[in-house]
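Encoded as structure tokens, the structure appears first; notes follow it.
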Amino acid sequence: MPNWSEFAPGHWVGVGILGYHLFLTLMWIVLKLTLRRRVAPWWLFIGYSGVLLLVWPFMEISRNPWWRRKWLVRAGVKEGDVVLDEGFVMGTSSIVAARIVGPKGMVYALDNEPVHVLILWLRARIRWVRNLKIFLSSADSVNLLDGIIDVVYASDSFHEFPMEQTLKELYRVLKPAGTLAIWEEHEKKKVTNALNQAAERGMFSFIEQEKGVYKLVKT
């Protein structure tokens, strides 16, 4: 169970919702001044956007996770593995990975957003997932022992962390010949460059690299 005293989830949920709607209000004012009368009323604009804020997590949580399982199997996750999910967001991949590794394995789920930690903690308790440990942390400072992880995977989240330091930290926690699997949709060029540099330094070697999917092994 996360240490709630460290980040006060209720506080951050409130701050996040308030900040989001302040941002929408500012956006509406800018559009109103720029486009004049072609902008929807403020209550409709903010209300519609607020609905999207609530609908997206629901869609993510209720979506059939078959493609997540397919990605995790491709990443090399198997029964009995110790796995690190870097940047889990809604946590669907973490829960699916916990099912794959089974009771003899373990999934460590890491994210730097308190709201994400709270959501996954609740989902894991509702689904009785016991082989899942959740951390509020940045990927460049992982609170795990050296060489205990079989597979590290990141689903479109790697670009959000400081890449050079993150790769050093992931190298530290991976077992010899451990696997690093990254699916990246947004910052492919940036991620590719960072991984190539790590490979040149002798930290990892590529197993697979295709259309935003990267699979490497610790050397």
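Heads up: the sequence shown is residues 0 to 218, going by numbering that gives the first Met the number 0.
For glycine and all other residues, C-beta sits at the position ideal for the given N, C-alpha and C.
For residue i versus residue j, is the C-beta spacing smaller than 8 Å?
i, j, result
"V100", "D80", "yes"
"A193", "L215", "no"
"L119", "S92", "no"
"D139", "P161", "yes"
"G211", "K187", "yes"
"P113", "L135", "yes"
"K217", "L173", "yes"
"V116", "I94", "no"
"A197", "F205", "no"
"V141", "E168", "yes"
"V88", "V82", "no"
So, with DSSP's three-state summary, where would you put residue i?
i, result
"E5", "Unreliable placement is indicated for E5, whose pLDDT of 44 sits below 50; the coordinate value is still reported in the next sentence. Helix at E5."
"K77", "coil"
"E85", "strand"
"E186", "coil"
"K167", "helix"
"M0", "Only weak support exists for where M0 lies, its pLDDT of 47 falling under 50; the value from the coordinates is given anyway. Looking at M0 - three-state DSSP - the assignment turns out to be coil, as it is neither helix nor strand."
"H10", "Low confidence applies to H10: its pLDDT is 48, below 50, so where it sits in the model is not reliable enough to give any reading."
Which one or two residues does DSSP pair with residue i in a beta bridge?
i, result
"I181", "A153, Y213"
"Q208", "Y213"
"L173", "I148"
"F203", "K217"
Ranges of the beta strand (DSSP E) found wholly within the stretch 103–160, counting only runs of at least 3: The stretch 103–160 contains these whole beta strand (DSSP E) runs: 105–110, 131–135, 148–154.
Three-pair Cβ contact test at 8 Å for the stretch 146–158 versus the stretch 127–135: no
Three or more C-beta pairs below 8 Å linking the stretch 175–183 and the stretch 97–111: no
Segment contact flag, the stretch 141–156 with the stretch 116–124, C-beta cutoff 8 Å, min 3 pairs: The stretch 141–156, when compared against the stretch 116–124, does not touch it at the 8 Å Cβ threshold.
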